[in-house]
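*Asks:* Have a look at this one before I ask anything.
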């Protein structure tokens, strides 16, 4: 038994060393550096006390919450529909809806530009119809569209997997007791999918808070926290503030995901 | 009748969502292949932009392939033993270790990259080499490998299998090689595809970790979007699609082994 334990520890060692050297120690270093700026440890409260940072925190949270809600509604409707109704072409639809799964944030940003940018589809169509070019890619709206685009594929997969396990007999029972389709949705389907909604929603939220590529592609004008951190780091060379802000952002995202994991009882992680 | 209407409404909605996701992809592919996107397809089709991308950004493509393969090797070497240990010992400690390992995925890549820079940025030989990017990618993808292998190991009765083999005199290495590895083949495959796909597309960390000499494909994409004409950005995106497509198709085929629920039960007997 002793030998067995020794062997297991030995097996864990390479990953342990790698992880400590390149994640735990750097994170501790980041935390310490956050306190070395001209504001000292007050840098950690700047996200609340500094008006600019606080505004971008609000903007970031606003976009993230909106993204989460809209993505859950869209993916909830389409995911349950595709799981429940098997028709010719169903597989093709699922394949198309999950195709953008592996797009990095920069590519998502470019997709938004193709849709709503200066040479985008929406602008061209609106120009032809009303003689006015509608362009909203390079703003918070564009960012929101991008995050929804990014989140739909993975959320639909989660919803579909959960809907597969939902017992259709429950809905039949509700219907036979006279429940309207709407009541069936609110009282049977949504409660049944709640764990999936919580875990998928947390991922949407966390990616929308921490993602950087999409905002970077769209414009520097977008005032969300990851962009603020990037600007502090590169342009202002305010490394201490960038460190403090990103540490707070990282801790907050991690807490949201951990809470969701406890609530949903499954495994939750962000991606991209 | 009511039911039919409901079905059509939902179908229409789903088709709209599909269009939202796919139309920009199609537009971008078209833009990468037309002479002048604003004039439209009438201006003619060309491979000029793709060739320009190939000539100007070839390096980023090879670097990305190289890093993602190196990343795969690292996650295999580090991840499989970790998953094995976590599967053998299920305790509060192993839960905590799993939780820790997932942190680089939960924490925004920007924060991880900054942490790496403030700690190791001074080692100039390391900072300017592609190994610096590799470290970030391994941190980010390792949890996916561990999880994927762990899921398979948890589904089989590992302890009984190993005890059986041990009672027949198999050494630990033989047990690991002949029982553990073959049993988690599906998990390793799914994890590998995931790792390569994610590494290929990673941008959040890479943008801060890269140097002018270590530009990966997504970094090149960001460059092209920012500074070059739409057609070249599109052609570059097209190249990225072509590289990622086989990986995605393989992922869809292997990564989600769906147990068909509708198999009649008598079949099992």
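Protein chains in written order, with my numbering: chain A, 1 to 272; chain B, 273 to 541. Glycine included, each C-beta is placed from N, C-alpha and C at the ideal position.
1) Which one of A:169, A:87, A:6 and A:115 has the shortest CA to CA distance from residue 296 of chain B?
2) At a Cβ threshold of 8 Å, is residue 239 of chain A touching chain B?
3) Please list the residues of the segment 115-128 of chain A that have a C-beta atom closer than 7 Å to any C-beta atom in chain B, keeping them in chain order.
4) Which residues, in chain order, does the segment 60-93 of chain A contribute to contact with chain B at a C-beta distance below 7 Å?
5) Considering only residues of the same chain and omitting the five flanking positions on each side of residue 110 of chain A, which have a CB-CB separation below 8 Å?
6) List, from N- to C-terminal side, the alpha helix (DSSP H) runs of 4 residues or more that fit wholly inside the segment 205-266 of chain A.
7) Who pairs with residue 317 of chain B in a beta bridge, going by DSSP?
8) Mind listing the chain A neighbours of residue 476 of chain B? Cutoff is C-beta to C-beta under 7 Å, in chain order.
9) For the alpha helix (DSSP H) that contains residue 495 of chain B, what are its first and last residues?
10) Which value, in whole angstroms, describes the spacing of the CA atoms of residue 261 of chain A and residue 376 of chain B?
11) Whole angstroms are fine: how far does the CA of residue 320 of chain B sit from the CA of residue 307 of chain B?
12) Which residues, in order along the segment 27-53 of chain A, keep a beta-carbon less than 7 Å from a beta-carbon of chain B?
13) For a contact defined as C-beta to C-beta under 8 Å, what are the partners of residue 14 of chain A on chain B?
14) Chain B beta carbons: is any one of them nearer than 8 Å to that of residue 254 of chain A?
15) Less than 6 Å between C-beta atoms, sequence neighbours within five positions excluded: which residues of the same chain meet that for residue 274 of chain A?
16) Mind listing which residues of the segment 427-448 of chain B have their C-beta closer than 7 Å to chain A's C-betas, in chain order?
17) Apart from the five residues on each side of it in sequence, which residues of its chain come closer than 6 Å, Cβ to Cβ, to residue 346 of chain B?
18) Rounded to whole angstroms, how far is the Cβ of residue 273 of chain A from the Cβ of residue 33 of chain A, which I believe are closer than 8 Å?
19) Quick one: does residue 151 of chain A have its CB under 8 Å from some CB of chain B?
20) In three-state DSSP terms, what is residue 83 of chain A?
21) Drop a sphere of 10 angstroms on the beta-carbon of residue 395 of chain B, count the other beta-carbons inside from all chains shown, and report buried for 16 or more, exposed for fewer.
22) Nearest CA to the CA of residue 387 of chain B: which residue from A:141, A:184, A:146 and A:250?
23) May I have the straight-line CA-CA distance separating residue 158 of chain A from residue 314 of chain B, to the nearest angstrom?
24) Is there contact here, the segment 353-367 of chain B with the segment 10-28 of chain A, by at least three beta-carbon pairs under 8 Å?
25) Under the three-state reduction of DSSP, which class applies to residue 280 of chain B: helix, strand or coil?
26) Does the structure place the segment 479-496 of chain B close enough to the segment 403-419 of chain B that three or more beta carbon pairs sit under 8 Å?
27) Hey, quick one: how far does the alpha helix (DSSP H) through residue 188 of chain A stretch, first residue to last?
28) Considering only residues of the same chain and omitting the five flanking positions on each side of residue 341 of chain B, which have a CB-CB separation below 8 Å?
29) Quick one: does residue 364 of chain B have its CB under 8 Å from some CB of chain A?
30) Measuring only the C-alpha atoms, how far is residue 338 of chain B from residue 77 of chain A?
31) Could you have a look at residue 540 of chain B and say whether DSSP puts it in helix, strand or coil?
32) Could you list which residues in chain A have their beta carbon closer than 7 Å to that of residue 404 of chain B, in chain order?
33) Alpha carbon to alpha carbon, how far is residue 65 of chain A from residue 277 of chain B? Give it in angstroms, no decimals.
34) Roughly how many angstroms lie between the CA atoms of residue 389 of chain B and residue 233 of chain A, to the nearest whole one?
35) For the alpha helix (DSSP H) containing residue 375 of chain B, name the first residue and the last one.
36) Quick check: the Cα distance between residue 288 of chain B and residue 96 of chain A, rounded to an integer number of angstroms?
*Replies:* In short:
1) To locate residue 296 of chain B, count along the second chain from 1; it is residue 24. The shortest CA-to-CA distance from residue 296 of chain B to any of A:169, A:87, A:6 and A:115 is the one to A:115.
2) In the first chain, the residue the question calls residue 239 of chain A occupies position 239. Yes, its Cβ sits closer than 8 Å to a Cβ of chain B.
3) Here the close residues are 115, 119 and 121.
4) 74, 77, 78, 81, 82, 85 and 93
5) One-based indexing of the first chain puts residue 110 of chain A at position 110. These residues qualify, in order along the chain: 217.
6) 213-218, 225-234 and 239-264
7) Position 45 of the second chain, counted from the start, is the residue given in the question as residue 317 of chain B. Paired residues: B:306.
8) Translated into positions along the second chain, residue 476 of chain B becomes position 204. 105, 211, 212 and 213, listed in chain order.
9) Counting from one through the second chain, the residue named residue 495 of chain B turns up at place 223. Start and end: 489-499.
10) Start at 1 with the first residue of the first chain, and residue 261 of chain A comes out as number 261. Start at 1 with the first residue of the second chain, and residue 376 of chain B comes out as number 104. Cα to Cα, the separation comes out at about 16 Å.
11) The residue you call residue 307 of chain B lines up with position 35 of the second chain. The residue you call residue 320 of chain B lines up with position 48 of the second chain. For residue 307 of chain B and residue 320 of chain B, the distance between alpha carbons rounds to 8 Å.
12) 27, 29, 30 and 33
13) Taking the first chain and counting its residues from 1, the one referred to as residue 14 of chain A is at position 14. Neighbours of residue 14 of chain A on chain B, chain order: 349, 350 and 353.
14) As a first step, residue 254 of chain A must be located in the first chain, where it is residue number 254. So yes, residue 254 of chain A belongs to the interface.
15) Residue coverage of chain A in this structure runs from 1 to 272, which leaves residue 274 of chain A outside it and unanswerable.
16) 444
17) Against the second chain, residue 346 of chain B aligns to sequence position 74. Residues 410 of the same chain have their beta carbon placed closer than 6 Å to that of residue 346 of chain B, with the five preceding and five following residues left out of the count.
18) Shown here, chain A extends from 1 to 272; a query on residue 273 of chain A therefore has no answer.
19) Residue numbering aside, residue 151 of chain A sits at position 151 when the first chain is read from its first letter. No - not a single Cβ of chain B is within 8 Å of the one on residue 151 of chain A.
20) If you number the first chain from 1, residue 83 of chain A lands on position 83. Residue state, collapsed to three classes: helix.
21) What you label residue 395 of chain B is simply residue 123 of the second chain in a count that begins at 1. Exposed.
22) Residue mapping note: residue 387 of chain B aligns to position 115 of the second chain, counting from 1. Nearest option by C-alpha distance: A:250.
23) Sequence index remark: in the first chain, residue 158 of chain A carries index 158 (1-based). Sequence index remark: in the second chain, residue 314 of chain B carries index 42 (1-based). Answer to the nearest angstrom: the Cα atoms are 42 Å apart.
24) yes
25) Position 8 of the second chain, counted from the first residue, corresponds to residue 280 of chain B. Residue 280 of chain B carries a helical assignment under DSSP once its states are collapsed to helix, strand and coil.
26) Result yes; three or more Cβ-Cβ pairs closer than 8 Å.
27) To locate residue 188 of chain A, count along the first chain from 1; it is residue 188. Note, residue 188 of chain A: premise wrong, no alpha helix (DSSP H); not H, not E.
28) Reading the second chain from its first residue, position 69 is the one you call residue 341 of chain B. Excluding residues up to 5 positions away in sequence, 468 lie with their Cβ nearer than 8 Å to the Cβ of residue 341 of chain B in the same chain.
29) Numbered from 1 along the second chain, position 92 holds the residue referred to as residue 364 of chain B. Output row for residue 364 of chain B: interface = no.
30) The residue labelled residue 338 of chain B in the question sits at position 66 within the second chain. The residue labelled residue 77 of chain A in the question sits at position 77 within the first chain. Distance between the alpha carbons of residue 338 of chain B and residue 77 of chain A is about 41 Å.
31) As a first step, residue 540 of chain B must be located in the second chain, where it is residue number 268. With a pLDDT of 39 at residue 540 of chain B, under the threshold of 50, the modelled position of this residue cannot be trusted, and the question is left open.
32) Numbered from its first residue, the second chain carries residue 404 of chain B at position 132. What residue 404 of chain B touches in chain A, judged by beta-carbon distance under 7 Å, is nothing: the nearest beta carbon there is about 10 Å away.
33) Start at 1 with the first residue of the second chain, and residue 277 of chain B comes out as number 5. Start at 1 with the first residue of the first chain, and residue 65 of chain A comes out as number 65. Near 32 Å, if we compare the C-alpha coordinates of residue 65 of chain A and residue 277 of chain B.
34) As a working note, residue 389 of chain B is residue 117 in the second chain. As a working note, residue 233 of chain A is residue 233 in the first chain. If you take the alpha carbons of residue 389 of chain B and residue 233 of chain A, they lie about 11 Å apart.
35) Within the second chain, the letter at position 103 stands for residue 375 of chain B. 364-378 is the span of the alpha helix (DSSP H), which, as asked, contains residue 375 of chain B.
36) Residue numbering aside, residue 288 of chain B sits at position 16 when the second chain is read from its first letter. Residue numbering aside, residue 96 of chain A sits at position 96 when the first chain is read from its first letter. Looking at the two C-alpha atoms, the distance is approximately 12 Å.
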